[in-house]
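See below for the structure under consideration.
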Amino acid sequence: MKEEENKSEESKEMNFCPTCNSVVETVIIYSYTSKSTVDENLNGFFTHVLLSKCLKCQNPFLKEKTFQYAGGDEYLTSELQFYPDTVNEAIKNCPKIVYNPYKEALECYRSHAYDACVIMCRKGIEAICIDNGENKGNLKTRLKNLNSKGVLENTLFNWANELRLIGNDGAHSHEQIVNQQDAKDAIDFFDALITYLYHLVKQYDELIKRRKK
């Protein structure tokens, strides 16, 4: 894949538009593809940057897609949307001790460092424990304590415990391989825990207060 620019590409793709609040058709109006290094086995990577616009509201989208060459074929390995901002509001508003591991987990995922990604998710679970007053004992014990206190109901406790286990695999196991899907699932579960603890609980409390007035 050689480095190239395309100012008039007519390709279209579906994206979620926050302005239209729906999945819409977008047209690509500018694209840039980076030059990749391909070895003798036709393996390598290249990056594709796309500027497109919503065909309903005309708002712009800016995306980066990373592709992998394998034996002459190319596969999409990651996709990142820079604009519009799709970061969960709960993530932005959670404590720094929790936000920092989440941010690093994303950076590791985008760098294909999947072991490091799940380790950072595990660190994020530890941060949630600390933020909720559980500072002593191993992580398994601290999660059980949060479950007993009602901070983590059973489903969320199971998610958090699974993040603990997959983080252990990333840190210690030489047999259990952490792949891309494992890392993506870990981030999704971590995201869900943050959303529940630092957004939905507060939103529910505010709803009850409003309804009592």
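Residue numbers (numbering that gives the first Met the number 0): 0 to 212. Using N, Cα and C, we set each Cβ at its ideal position, and we do this for glycine too.
With contacts defined by Cβ atoms closer than 7 Å, Glu-152 and Arg-141 do not form a contacting pair.
Spatial neighbours of Lys-135 in its own chain (CB-CB distance under 8 Å, excluding positions within 5 residues in sequence) are listed in chain order as Arg-141.
Closest in alpha carbon position to Tyr-101, among Ile-124, Phe-66, Phe-60 and Ile-207, is Ile-124. For Gly-136, the three-state secondary structure derived from DSSP is coil. Shown here for Leu-75: same chain residues with a beta carbon closer than 7 Å to its own, the five before and five after excluded, namely Lys-64 and Phe-66 in chain order.
Taking the CA atoms as reference points, Arg-163 sits about 8 Å from Leu-138. By alpha-carbon distance to Val-150, the top candidate from Ile-127, Asp-190 and Cys-56 is Ile-127. For His-47, the enclosing beta strand (DSSP E) has its first and last residue at 43-53. DSSP places Val-150 outside both helix and strand once states are collapsed to three, so it counts as coil. Of the residues assessed, Leu-206 falls on the exposed side of the cut-off, its CB having fewer than 16 other CB atoms within 10 angstroms.
Following the DSSP letters along the chain, one finds Leu-61 inside the beta strand (DSSP E) bounded by residues 59-69. With 16 or more other Cβ atoms inside 10 Å of its own Cβ, Val-97 counts as buried. It is roughly 32 Å from the alpha-carbon of Ala-182 to the alpha-carbon of Asp-204. DSSP, read as helix, strand or coil, puts Lys-11 in strand. Checking the DSSP bridge columns, you'll see Ile-27 partnered with Ser-51.
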